[in-house]
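Trainee: Pasting a structure here, questions to come.
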Amino acid sequence: GDEFERKGYKEWGGKIQDDITDATRWAIDQKIADPDRIVIYGSSFGAYSALEGVIREPELYRCAIGYAGVYDLEMMSTTADTSRSKLGKSYLQMVHGSDKNILREWSPVYTADRIKVPVFLIHGKEDWRADFEQATKMKSALEKNKKVFEWMEFKGTVHAEHDEATRNEIYERILAFIDKYLKPPVD
22 GDEFERKGYK EWGGKIQDDI TDATRWAIDQ KIADPDRIVI YGSSFGAYSA LEGVIREPEL
82 YRCAIGYAGV YDLEMMSTTA DTSRSKLGKS YLQMVHGSDK NILREWSPVY TADRIKVPVF
142 LIHGKEDWRA DFEQATKMKS ALEKNKKVFE WMEFKGTVHA EHDEATRNEI YERILAFIDK
202 YLKPPVD
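Using the working numbering, the letters of the sequence shown map in sequence onto residues 22 to 208.
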């Protein structure tokens, strides 16, 4: 509910990530998940969280997939469709705050040097929520830091909304990426 949602305000790179890490470790402890075969994947905020997850917990995940993601929180406050209205600006201020040091510390584009696993970035060039520049900045950060990554962009697509053929192509690539990096170790 609303109270639970409010507990996540100004905690995108903090307590929210801690909860995701705790849930992952719980699944490992319960023998639900194989600790050698864990991928973190998400879209929009989930893409942000996937990249932030491998930055904060570099040994927990084997790879990460970000789809239509936000990777620079400071930039989100000026480029997202949310930032184009008074209500939206107020919401972003409430959710992210305005401390530029924290916004940068919790933005994967500024901490990509800490990524140790392969990353797959997927983004539409006409995304109205997470501007395409979010993805290109993340791609540049991965290149600058010589990280292993794959890239997939689409023309004419918006925030994670695609026709069936495009969705199929995206998920075929995701499956190939996961297969490539989560193969069981050879004994």
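No residue lacks a Cβ here, since even glycine has one placed at the ideal position from N, Cα and C.
These figures come from a predicted structure and were not determined experimentally.
Between Cys84 and the rest of its own chain, which residues show a CB-CB distance below 6 Å, the 5 nearest in sequence each way excluded?
Mentor: Within the sequence shown, the letter at position 63 stands for residue 84. So the list reads Val60, Val138, Pro139 and Tyr202, once near-sequence residues are dropped.
Trainee: Could you tell me whether the Cβ atoms of Ile143 and Ile191 are closer together than 8 Å?
Mentor: To locate residue 143, count along the sequence shown from 1; it is residue 122. To locate residue 191, count along the sequence shown from 1; it is residue 170. Cβ atoms of Ile143 and Ile191: closer than 8 Å.
Trainee: Here's the rule: buried if 16 or more other CB atoms are within 10 angstroms of the residue's CB, otherwise exposed. What is Ala89?
Mentor: Counted from its first residue, the sequence shown places residue 89 at position 68. So Ala89 ends up on the buried side.
Trainee: Please name the residue, chosen from Trp127, Leu81, Met96 and Ala133, that lies closest to Leu163 on a Cα-to-Cα basis.
Mentor: In the sequence shown, the residue the question calls residue 163 occupies position 142. From the listed residues Trp127, Leu81, Met96 and Ala133, the smallest Cα separation to Leu163 is found for Ala133.
Trainee: In three-state DSSP terms, what is Ser65?
Mentor: One-based indexing of the sequence shown puts residue 65 at position 44. Looking at Ser65 - three-state DSSP - the assignment turns out to be coil, as it is neither helix nor strand.
Trainee: Give me, in chain order, the residues of the same chain whose beta-carbon lies closer than 6 Å to that of Glu2; leave out the 5 immediate sequence neighbours on both sides.
Mentor: Only positions 22 to 208 of the chain appear in the structure, and residue 2 is not among them; the question remains open.
Trainee: Taking the continuous alpha helix (DSSP H) assigned at Tyr202, which residues delimit it?
Mentor: In the sequence shown, residue 202 corresponds to position 181, counting from 1. Secondary structure note for Tyr202: its alpha helix (DSSP H) is the uninterrupted segment Glu185 to Tyr202.
Trainee: Does DSSP put His117 in a helix, a strand or coil?
Mentor: Translated into the one-based positions of the sequence shown, residue 117 becomes position 96. Three-state result, His117: helix.
Trainee: Measuring straight from C-alpha to C-alpha, what distance separates Lys52 and Thr45?
Mentor: What you label residue 52 is simply residue 31 of the sequence shown in a count that begins at 1. What you label residue 45 is simply residue 24 of the sequence shown in a count that begins at 1. Approximately 11 Å between the Cα atoms of the pair.
Trainee: Rounded to a whole number of angstroms, what is the C-alpha to C-alpha distance between Tyr131 and Leu113?
Mentor: Looking up residue 131 in the sequence shown gives position 110. Looking up residue 113 in the sequence shown gives position 92. Each residue's alpha carbon lies about 20 Å from the other.
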